[in-house]
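Each residue of the sequence shown is one higher than the last, beginning at 2 in this note's numbering. From the three backbone atoms N, C-alpha and C, an ideal C-beta is built for every residue, glycine too.
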Amino acid sequence: MGDDIALADLQHSAGSLAAIVFHNIEHSTQKTSSAIQGYYHLPHTGAEHGNSDDADEAAKYSKAFVKGHKVAVKVASLINHGRSTHLAPLRVMGSGLVGGPPCEGHARLTEGITWFEKTHFHHQPIKPEGNHFTATHYLHFSTPLAQIIPGAEGPTQPMDLVQEITLISGMCLWTSRIIQSSIPRGQRLDVSRLLSKITLYEVEYLSRAVPVIADLAAALSTNNLYQQIPLNIRLDIPSFHYYHSLEERLRDGRCSFLEALHWMHAVEKRHHQLSRVFCRLLDHELSRRQGVTPHHRKLDVQVSPLANLVYQLICDSLANNTFPSVDDILQILHTEDRTWADFYALVPVNEKVTDFRGLSYLFYVYQVLRPALEQSQINAKEKGDAKRKLLISIDDAFERRIYSRSQKFLKKLRASLPPSVAAPHLLEVYLCRRIFINSNEIGSNLYLDDPSPEPSVLRFCQRLDPEGKQQLVRAQDRHKSWPETVKLDAFDVVERLYGSHITGVLKELFAEVGLEP
């Protein structure tokens with residue numbers, strides 16, 4: 002991915018066909034004329050960073066920028082082992098996007114105002130005669146600690162204290178709209194809605210998240226070739242987590258046990274399809290970067306450990322015309338898996354699970370902590386340095402509450418561990434949104450407002466600006482250009498945002514699992 006990065010504004014409202022407009026991410030988010038409400042671009046760290054005449058609002062933007070940039074610099078130093086030359090695998094550029102939902106409300110409470118640093122990855126060629134592989138992303142780095150890896154002093158680099166690294170990511174299935182349409186109010190379940198084609202959300206998230214995971218894995222591997230720190234990847238893709246959506250219907254007699262079972266089978270099928278595509282795309286992207294080629298190391302990649310057990314227990318109950326019991330499932334989890342028992346012991350009494358909605362949410366937090374709970378005894382170094390486990394999450398900012406809660410549990414876990422066990426620390430990495438809904442006027446996101454499974458969206462035609470450079474016309478300016486429109490499917494949109502290479506790979510991978518646009 003080069004520096005000419007695009008974003009999309011998806012104009013969509015109920016009962017109308019969606020229209021999409023593409024912009025250059027930097028040119029279209031200038032402070033005085035940003036096409037995306039609540040976001041604007043800072044060209045360098047010395048630039049003015051108040052975005053509003055409102056002093057309180059400007060202070061929020063300023064605080065987000067200052068804090069976000071400081072952490073980004075620390076992350077670069079950590080991953081680069083203190084090197085700051087242009088050959089370092091990760092460079093923070095001092096420019097970026099600052100913003101969030103433009104008005105107070107649930108979206109801003111969840112995501113806040115965030116600084117997304119322009120982050121450049123530089124990988125050595127796999128073959129001596131090959132070209133360097135480079136990529137640029139807008140990323141937000143967050144950690145509650147003054148030091149990402151506490152304990153390093155003097156010549157000791159923080160990464161020297163790390164015993165193990167785990168990258169953690171995941172995604173949802175379908176879209177919120179499709180899930181809800183499969184359980185319509187006052188009607189029977191409509192499982193056919195869960196057999197839908199690929200959604201724009203699914204294709205776009207994979208195109209945006211997987212290269213970042215691969216770039217971080219390669220950068221970490223490149224700087225640890227001789228230490229050979231174990232590098233793991235954990236992907237959390239939901240399955241049983243959706244059961245709570247239909248439980249009320251089942252208990253009220255508005256669907257049968259058999260219908261509920263078929264609904265759950267459709268969820269599990271999509272889980273397996275998306276898991277395979279995610280893992281295969283990740284393998285492909287890793288193979289393009291030198292630091293993680295097979296002759297250097299083999300990564301341990303797992304998808305949603307232990308979740309399949311919960312799914313199977315729910316389905317067994319449904320198959321026997323019995324309501325699944327969350328208490329019974331909690332008891333089985335406690336006896337079947339030590340990591341769950343250790344995790345659940347960290348949960349305060351007033352936050353214990355009482356229903357399947359609570360179990361679903363808590364399981365997301367558990368998957369973040371699971372690598373830290375897989376405790377391994379270590380021998381202390383001669384100088385007495387305590388070892389650490391580094392967890393790095395990569396996700397969208399609207400999932401922040403999962404990681405905030407994980408940080409609280411990790412703090413309790415560190416306090417309970419003996420000195421012989423590696424203490425875990427979590428670095429949160431958030432991806433900048435590349436598709437905004439209705440110019441971000443209420444801060445919505447693609448998972449909530451994806452028009453899929455509508456077959457296409459519309460893009461207004463291209464024209465040349467006065468300098469002869471091609472640009473894409475904003476929807477509100479369409480009367481100034483030729484009134485031609487072009488139909489796009491999910492892959493067309495992703496190709497415009499992320500390029501033809503990853504789009505072509507995704508087309509093949511989705512076709513392999515039987516999913517078409």
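For residue i, count neighbouring Cβ atoms within 10 angstroms of its own Cβ and tell me buried if that reaches 16, exposed if not.
i, result
"H42", "buried"
"P145", "exposed"
"N322", "exposed"
"V67", "exposed"
"Q332", "exposed"
"S501", "exposed"
"L351", "A small fix is needed here, since residue 351 is Asn in this sequence, not Leu. N351 is exposed by the Cβ-count criterion."
"G469", "Because G469 carries a pLDDT of 32, less than 50, the predicted location of this residue cannot be relied on, and the following value inherits that uncertainty. Label assigned to G469: exposed."
"T135", "exposed"
"L88", "exposed"
"Q229", "exposed"
"K353", "exposed"
"S222", "buried"
"T188", "Correcting the residue identity first, residue 188 is Gln in this sequence and not Thr. Classification of Q188: exposed, given that the 10 Å Cβ count is below 16."
"K488", "exposed"
"E249", "exposed"
"K388", "buried"
"F279", "buried"
"E205", "buried"
"V474", "Interpretation of V474 is limited by its pLDDT of 40, a score under 50 that renders its predicted location unreliable; the figure taken from the coordinates is listed afterwards. Result: buried."
"E517", "exposed"
"L507", "buried"
"A320", "exposed"
"S34", "exposed"
Looking at the secondary structure, which residues open and close the beta strand (DSSP E) in which residue i lies?
i, result
"E429", "A424 to L432"
"N233", "L232 to D237"
"V137", "The sequence as given places Thr at residue 137; Val does not occur at that position. Looking at the DSSP string, the run of the beta strand (DSSP E) that includes T137 is F134 to S143."
"Y41", "Y40 to L43"
"R389", "R389 to D397"
"E165", "V163 to G171"
"R92", "L91 to G100"
"L11", "A7 to Q12"
"H124", "T115 to H124"
"A19", "From DSSP, A19 is part of no beta strand (DSSP E); its letter is neither H nor E."
"I37", "First-last for I37: undefined, no H or E at that position."
"I150", "First-last for I150: undefined, no H or E at that position."
"S436", "Per the sequence shown, residue 436 should be read as Ile rather than Ser. I436 to I438 is the extent of the beta strand (DSSP E) around I436."
The alpha helix (DSSP H) spanning residue i covers which residue range?
i, result
"W264", "F258 to S288"
"R401", "R401 to S417"
"T30", "Unbroken run through T30: none, as it is neither H nor E."
"S177", "S177 to S182"
"P502", "Reading off the sequence shown, one finds His at residue 502, where the question assumed Pro. S501 to E513 is the extent of the alpha helix (DSSP H) around H502."
"R252", "H245 to R252"
"V213", "L201 to T223"
"D191", "D191 -> no alpha helix (DSSP H), and no H or E assigned at all."
"L174", "Counting along the chain, L174 falls outside any alpha helix (DSSP H), and DSSP gives it neither H nor E."
"D450", "L447 to D450"
Report, in whole angstroms, the separation of the C-beta atoms of residue i and residue j, which I expect to be a contact under 8 Å.
i, j, result
"L190", "S183", "6 Å"
"A267", "V192", "5 Å"
"E269", "S240", "5 Å"
"A73", "V93", "4 Å"
"F122", "A220", "6 Å"
"G39", "G444", "7 Å"
"S453", "L201", "5 Å"
"L510", "A9", "The pair is not a contact, with the Cβ atoms about 22 Å apart (cut-off 8 Å)."
"I6", "T120", "At roughly 12 Å, the Cβ-Cβ gap does not stay under 8 Å, so I6 and T120 are not in contact."
"N441", "H13", "At roughly 13 Å, the Cβ-Cβ gap does not stay under 8 Å, so N441 and H13 are not in contact."
"S491", "I199", "The identity of residue 491 in the sequence shown is Ala, whereas the question assumes Ser. Contact holds; Cβ gap of about 6 Å."
"Y243", "I180", "7 Å"
"I114", "K32", "Actually they do not touch by this definition, with Cβ atoms about 14 Å apart."
"V211", "L283", "5 Å"
"V302", "I238", "That pair is no contact at about 12 Å."
"F437", "L11", "7 Å"
"R435", "R209", "6 Å"
"D451", "T176", "4 Å"
Three-pair Cβ contact test at 8 Å for the region 425 to 434 versus the region 392 to 411: With a cut-off of 8 Å, the region 392 to 411 and the region 425 to 434 count as touching, because enough Cβ pairs lie within range.
4-residue-minimum alpha helix (DSSP H) runs that sit fully inside the region 304 to 376, ordered along the chain: 308 to 320, 327 to 337, 339 to 347 and 357 to 374
Validate contact between the region 386 to 396 and the region 353 to 366 using beta carbons, cut 8 Å, 3 pairs: no
Segment contact flag, the region 330 to 345 with the region 297 to 311, C-beta cutoff 8 Å, min 3 pairs: yes
Stretch pair the region 409 to 423 + the region 170 to 183: three plus CB contacts closer than 8 Å: no
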